[in-house]
Every structure is written in C-alpha cells, then in structure tokens.
Amino acid sequence: MVNRHRKKGSVLLIATLFSAFVAALVAIFLKLALGELKLADSSYMHNALLNLCEGGAEQAAWCLNADDWSGWTKSGEYTVRRETEIGLGNGKQGQVTMIVFLPDTFPIIFAEARVNLPNGRTLQKQVRMELLFRSPFANGMTAKDGIRFVGGNAYVDSFHSALGPYYSATRRDNGSVGSVSVGTDSVDIGNAEIFGFAATGGADPAVGSQGRIVGFDTPPGVKIDSNRVSTDFYAEFPNVDAPSTLGATTSLPGTLEIGSPLATSPTVYSLSGMIIKNTKNLVIKGPVVIVVDGDIDVKGQITLEPGATVEMYVSGDLTIGGKGVVNETNVAQNFLIVNTNTTEGATEVKLHGQGALTAAVYAPNSIVDFKGGGGGVGTMYGAVVGQNVFMNGNYNFHYDEALADFLLGKRTFRLADWREIWKAEERIDFDGLYESALAGSEIDMGEWIARVVPIPPSPPAFIPDHEEPPPEPGPPPPPDI
Numbered sequence: 285m286v287n288r289h290r291k292k293g294s295v296l297l298i299a300t301l302f303s304a305f306v307a308a309l310v311a312i313f314l315k316l317a318l319g320e321l322k323l324a325d326s327s328y329m330h331n332a333l334l335n336l337c338e339g340g341a342e343q344a345a346w347c348l349n350a351d352d353w354s355g356w357t358k359s360g361e362y363t364v365r366r367e368t369e370i371g372l373g374n375g376k377q378g379q380v381t382m383i384v385f386l387p388d389t390f391p392i393i394f395a396e397a398r399v400n401l402p403n404g405r406t407l408q409k410q411v412r413m414e415l416l417f418r419s420p421f422a423n424g425m426t427a428k429d430g431i432r433f434v435g436g437n438a439y440v441d442s443f444h445s446a447l448g449p450y451y452s453a454t455r456r457d458n459g460s461v462g463s464v465s466v467g468t469d470s471v472d473i474g475n476a477e478i479f480g481f482a483a484t485g486g487a488d489p490a491v492g493s494q495g496r497i498v499g500f501d502t503p504p505g506v507k508i509d510s511n512r513v514s515t516d517f518y519a520e521f522p523n524v525d526a527p528s529t530l531g532a533t534t535s536l537p538g539t540l541e542i543g544s545p546l547a548t549s550p551t552v553y554s555l556s557g558m559i560i561k562n563t564k565n566l567v568i569k570g571p572v573v574i575v576v577d578g579d580i581d582v583k584g585q586i587t588l589e590p591g592a593t594v595e596m597y598v599s600g601d602l603t604i605g606g607k608g609v610v611n612e613t614n615v616a617q618n619f620l621i622v623n624t625n626t627t628e629g630a631t632e633v634k635l636h637g638q639g640a641l642t643a644a645v646y647a648p649n650s651i652v653d654f655k656g657g658g659g660g661v662g663t664m665y666g667a668v669v670g671q672n673v674f675m676n677g678n679y680n681f682h683y684d685e686a687l688a689d690f691l692l693g694k695r696t697f698r699l700a701d702w703r704e705i706w707k708a709e710e711r712i713d714f715d716g717l718y719e720s721a722l723a724g725s726e727i728d729m730g731e732w733i734a735r736v737v738p739i740p741p742s743p744p745a746f747i748p749d750h751e752e753p754p755p756e757p758g759p760p761p762p763p764d765i
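Taken in order, the sequence shown gives residues 285 to 765; the numbers are from our numbering.
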C-alpha cells in the first residue's frame, strides 16, 4: 500500500511539473506572439502613415499645378491645410497636415501624418518635397502614342546650348526619347542609335539588329544598356492657345524682313496662311510672334539673325523643307513652334530636307515627321513633342538640354527631390505652424526653405568607342530674293 501511494505521488508530481513546463512554454509563445503582433501592427502603422504623408504631399502638388486652393489657409508665402479622421485600418484614424512654401521661385511641400494609439503613444511621419518648373521639353523627343525610327543612319544625342553650340566632340549622352503609351511598339528605334535614354509607359522599346541604346557609362560591347531603359514613363500634354492678336499686322512685308533688333516687345503677325517659296528667304531681325490660322509651308528658307526670337503658332499643317531654318542664334528656345490644334491626328508637322532646324516644337496632337532628303542628312537641334513622332532615313537629332527649364503656357511643377524627415533635430513643429497660420500670424520656417538647385553637369571628357555620327551639314547661303 505504501509503495502504491508513493508511486501515485510521483506520477502526480511529474504530471504537475510537466504541466507547469507546458504552461511556461505557452506563456512564452503567447508573449512572443503578442510581441510579433505589436511589431506587425507598428510596422503597418508606420507604412500607412508614410503612405498618408505621401498622399498629402501629392495632394498639395496637385493643388499647386491646378492652382486650386479651396480649403487651404494662406499665411504670407505659406499655405496650410489639415485633413483629419482618415481611416488607417485596424480601427485607427489619422490626420495629415500640409504646408506649402510658395516663393517666387521654386515651391517646397512639407507634410506630416499622425495617429494616436490607444496606449497613449503618437506615431508620426514627415516628408519634404521640393519642386521645379515642369517643361514640356524635359525630354528630347516625347510622344503621346508612339516614336518610330525607319531606315538607317538615324542618330540621337544631346548638348547644352548654354555651354556653346553642338560639336560631335563634346556631345552628351542625354538624348532621351519617350512615349507614355503602354503599347508593345510605343517606342521602336529600329536600327537607330540612341545616345541617351529610351522610356515607355509599359513595354520595353523595340530595337533592330543594328539599333543601340547606350551612353558614356555603358560597358564595351553592350548594345542595349538596361540602365538607360525605363518602362514607367509619364508626361502631361496640355493644349496651348495662341496669344492675342488684337492689333496684329495681317500680312508679311514684301521685303520679307520682319522684327527690329532694337524692339523691347515682339511684333505680332496674324495670318490666314504662310508660304515661303523656294526662291525666298524670310529674315527675322528681332522678336516676333506669328499666329497662323491655317497651314505653313516653307519651301525656301527662314533666317533668324542674332538677337531674333520667334514664337510661331499654327492651327493647321506645318511643313519645313527646302533649305530649312537657319537659326543664327544657335539657341532652340529662340524659335518656338506650337501647333494649337486640339484634335488628335488632325494635323501634321513635317520637317524634311537637308536643312538644319534649331527649334523647340510643341505639337501634342500632331503627327510629327522627320525625313532626310536628297541623299543628305537632315538635322534638328532642340526638342519635339508630338502625338506620334516618325524619323525616316538619314536624320540626326540633338536634344538641347537647356530646354528642360523652358516654360510654355501655364506654369506647372515637377518633383525635383523627396525625402523623409526622420532625424529628431530636423523635425518640424507642424502643430505650432498650423495654428499660427490659422490665427493669421506670419509663420517662419527659416532653415527649412534652404535649398540647392543642381546645375547641368560638365560635358564628359572622353568619347566611348562607337561609330561617329555623320558630319553635320553647314548652313547654306541665303538665296537671292
């Protein structure tokens, strides 16, 4: 009997110890699981706050570009807004506060997202977004639908006119071409060489057997540099109206000499059409604006003398052939061509022949066609925007990077820099600034508005081992009128 009771007691003790061990393991497991749950919830909240913060900054950028400040409070150079009770999931609600600094130069957007937790803790995320003016010519060749190179000997590269005229020995590798279309053939470079970048809205660009997308940093032997191809390209194509022609001159003079080099404001011409015959040369001596409610056909030549500027607005087709445009200023933005037709595909912009064109062409609803002729090489220095862009035959296209800062139409902005403000010493007192703005007090962010605007890089000091483009044709002598 005694031994039997001792055995039962031993079994009970072992069972008790085992149960205690299992209970301890369960407690440890539950504690770990609870800790993991808290970490997961904290990580989720941090990600949700960052998304909310970015969303607030993007909303501010949209209001800035749309110039719609409904629901915002202005305080001097600053505009503020706060959104509350924003669902973040898991039964939690957050708020986002936005502050937009609006100087005469470049805006800066600050945003803070915040959520109060049941345990009394407050989680915050802050971001800073710096903006620059958005130019429709931020890329060399931009299309809504497609870009297609047909034939051989087509070449694209870049230069910066602020550093001087284009020379093959100092060319740059930012000859960018891009289409926002997601179509599989939205960018087809064929056998052309893109000495820069190619971008689409979705699919990879199509490349022929002799085609290349390269730059100075491309490893030897590589024909398609993946670092220079992107498939997430986006751009906007706002329509641009012609300026007022009230009091404008309605015909060109018989001498075909317009503009004065001493004029402080442009001479405005309003024409129903414009034809420059193959024996004629339209000489532009000073600032002019030409508005054509019809077609333009240049069979002869247009010459911009040093100091001249031209803004040419056309609602119909534009054809530049013959000896083309001799832009003696060597600056593309001094010859601006805008097609104002708003119907997609209704108009054509044809840049044909062996003559060179130094210009910025904005024709977002037109078919733009480049074509070399007569066995020679056509050349453009500048940038072009079209619905579809075709480059046929022998043609060299040199993007002028100075156009990346050229404004056209309503002023809009693009992202220049974005970063999260995470250092404690860099944190902004959003509550204090927001309350000051609501009270009508002037707010001062001092050091927060400091910024550094990057300058264009210097031209590379070497040229990679690849085939040189064909030599540039010299400007033809002006014909007798």
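C-beta atoms are modelled at their ideal positions from N, C-alpha and C, and glycine is treated no differently.
Check, Outcome
"Which class does residue 644 belong to by DSSP, given the choice of helix, strand or coil?", "strand"
"Where do the ends of the alpha helix (DSSP H) carrying residue 715 lie?", "714-722"
"What number of angstroms, rounded off, separates the C-alpha of residue 778 from the C-alpha of residue 520?", "The first residue shown for the chain is 285 and the last is 765, placing residue 778 beyond what the model contains."
"Write down every uninterrupted run of the beta strand (DSSP E) in the segment 520-584 whose length is 3 residues or greater and which is fully enclosed by it, in chain order.", "551-555, 558-560, 565-568, 571-576 and 580-582"
"Reducing DSSP to helix, strand and coil, say where residue 702 ends up.", "strand"
"Excluding sequence positions up to five away, which residues of its chain have a Cβ less than 8 Å from the Cβ of residue 534?", "553, 554 and 555"
"Closer than 6 Å by C-beta to residue 307: which residues in its own chain qualify, once you throw out the five before and the five after it? Chain order, please.", "none"
"Would DSSP call residue 334 helix, strand or coil?", "helix"
"If distances are taken between C-alpha atoms only, which option among 392, 338, 426 and 549 comes closest to residue 363?", "392"
"Nearest-angstrom Cα distance between residue 671 and residue 523?", "12 Å"
"Spatial neighbours of residue 356 within its chain, please: CB distance less than 6 Å, with the 5 preceding and 5 following residues excluded, ordered by chain position.", "363 and 365"
"Relative to the C-alpha of residue 648, which candidate in 304, 427, 400 and 331 has its C-alpha closest?", "427"
"May I ask you to verify whether the segment 566-585 touches the segment 604-617, counting CB pairs closer than 8 Å and requiring at least 3?", "yes"
"By the 10 Å Cβ neighbour count, where 16 or more other Cβ atoms means buried, how is residue 389 classified, buried or exposed?", "exposed"
"Measure the C-alpha to C-alpha separation of residue 446 and residue 617 and round it to an integer number of angstroms.", "11 Å"
"From 725, 507, 699 and 619, pick the residue whose C-alpha is nearest to that of residue 338; which is it?", "699"
"Can at least three beta-carbon pairs, one atom from the segment 561-577 and one from the segment 482-492, be found at a separation below 8 Å?", "no"
"Output yes or no for whether 9 Å exceeds the beta carbon distance between residue 727 and residue 411.", "no"
"Note down the Cα distance separating residue 687 from residue 696, rounded to an integer number of angstroms.", "15 Å"
"Taking the straight line between their C-alpha atoms, what separation do you get for residue 536 and residue 451?", "35 Å"
"Counting contacts by CB-CB distance shorter than 9 Å, is residue 676 in contact with chain D?", "Absent from the structure is chain D; it holds one protein chain and no more."
"By how many angstroms is the C-alpha of residue 571 removed from the C-alpha of residue 603?", "22 Å"
"Counting C-beta neighbours from all protein chains within 10 Å, is the total for residue 473 16 or more, i.e. buried, or is it exposed?", "buried"
"Let me know the secondary structure DSSP gives residue 742 once reduced to three states.", "Caution is warranted here: a pLDDT of 39 is assigned to residue 742, below 50, making its placement in the model unreliable, and no coordinate value can be reported."
"Residue 595: buried (16+ other C-beta within 10 angstroms of its C-beta) or exposed?", "buried"
"For the beta strand (DSSP E) holding residue 687, just list the boundary residues, first then last.", "Careful: residue 687 lies outside any beta strand (DSSP E) and carries neither H nor E."
"Looking at the unbroken beta strand (DSSP E) that takes in residue 385, where does it start and where does it end?", "376-385"
"From residue 673 to residue 614, what does the alpha carbon distance come to, in whole angstroms?", "23 Å"
"Residue 567 and residue 540 look like a contact to me (Cβ under 8 Å); what is the Cβ gap, rounded to whole Å?", "6 Å"
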